[in-house]
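For the sequence shown, the working numbering assigns the number 6 to the initial residue and increments by one for each residue that follows.
We put the beta carbon where it would ideally sit given N, CA and C, even for glycine.
These notes are about the structure you will find just below.
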Amino acid sequence: MLLFLDNETEYAPDFDLTDTASKVIDYILSEEGCPFECEVNLTITDNEGIREINKEYRNMDSATDVLSFPVLEFDLPADFAPFEEAGEQLTDVNPDTGNVMLGDIMISKDRVISQAKEYGHSEKREFAFLVAHSVLHLLGYDHMTKEDAEVMEEKQGKYLDELGINRNPA
Numbered sequence: 006m007l008l009f010l011d012n013e014t015e016y017a018p019d020f021d022l023t024d025t026a027s028k029v030i031d032y033i034l035s036e037e038g039c040p041f042e043c044e045v046n047l048t049i050t051d052n053e054g055i056r057e058i059n060k061e062y063r064n065m066d067s068a069t070d071v072l073s074f075p076v077l078e079f080d081l082p083a084d085f086a087p088f089e090e091a092g093e094q095l096t097d098v099n100p101d102t103g104n105v106m107l108g109d110i111m112i113s114k115d116r117v118i119s120q121a122k123e124y125g126h127s128e129k130r131e132f133a134f135l136v137a138h139s140v141l142h143l144l145g146y147d148h149m150t151k152e153d154a155e156v157m158e159e160k161q162g163k164y165l166d167e168l169g170i171n172r173n174p175a
């Protein structure tokens, strides 16, 4: 997995953003059975930056914690079979890297900080949670129904626990 991280802010937490995001993304892709080498673009911004993108792309004039912009369209979450069948016909490949472009993630550093305080855990845990949440969206998961939300919540918690990134107090 190839991660392109762009930190538009001066956010410099006490953990490595690239290392943490890469570990979370790699682990989830492996656990979800992704058969491809993928790439993800991750942008760290502030509340104003994410508000502008949220307004532009979702017509919602408010800040949020994370936005996901998937490239692949899954019929069923993490069902890679149609893409594997497409093989060399797969169009969502970066010609420079040969990796499948999974999508873009945008995270508000302001929300990482405030939500970590609100939930009583570390900024690393909050950041990793938002990355995990977003990667599941890139893989076609959603939380529009109660059942779908339960699936996402279970997977997010399970994967972060397995990585040892739990809700220990900050």
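Note to self: So, does the region 137-154 touch the region 30-48, judging by three or more C-beta pairs under 8 Å?
What the structure shows: Below 8 Å, enough C-beta pairs join the region 137-154 and the region 30-48 to call them touching: three or more.
Checklist line | C-alpha gap between His-126 and Tyr-62, whole angstroms | finding: As a first step, residue 126 is located in the sequence shown; it is residue number 121 there, counting from the start. As a first step, residue 62 is located in the sequence shown; it is residue number 57 there, counting from the start. Roughly 31 Å between the two C-alpha positions.
Next item on the list: Tell me whether Ile-49 sits in a helix, a strand or coil according to DSSP, three-state version.
Entry: Counting from 1 along the sequence shown, the entry for residue 49 is found at position 44. Ile-49 falls in the strand class under three-state DSSP.
Item checked: Alpha-carbon to alpha-carbon, Glu-15 and Glu-37 -> One-based indexing of the sequence shown puts residue 37 at position 32. One-based indexing of the sequence shown puts residue 15 at position 10. Answer to the nearest angstrom: the Cα atoms are 33 Å apart.
Note to self: Do Leu-168 and Val-71 count as a contact pair if the criterion is CB distance below 8 Å?
What the structure shows: Taking the first residue of the sequence shown as 1, we reach residue 71 at position 66. Taking the first residue of the sequence shown as 1, we reach residue 168 at position 163. Contact: no.
Notebook entry, point to check: According to the Cβ coordinates, are Asp-51 and Lys-114 closer than 8 Å?
Noted result: Working through the sequence shown from its first residue, we reach residue 51 at position 46. Working through the sequence shown from its first residue, we reach residue 114 at position 109. Between Asp-51 and Lys-114, the gap from beta carbon to beta carbon is short of 8 Å.
Next item on the list: Write down every uninterrupted run of the alpha helix (DSSP H) in the region 73-153 whose length is 4 residues or greater and which is fully enclosed by it, in chain order.
Entry: Runs of the alpha helix (DSSP H) inside the region 73-153: 86-91, 114-124 and 128-143.
Item checked: Beta-carbon proximity check, Ala-26 vs Leu-7, cutoff 8 Å -> Mapped onto the sequence shown, residue 26 falls at position 21. Mapped onto the sequence shown, residue 7 falls at position 2. No, Cβ-Cβ distance for Ala-26 and Leu-7 is not below 8 Å.
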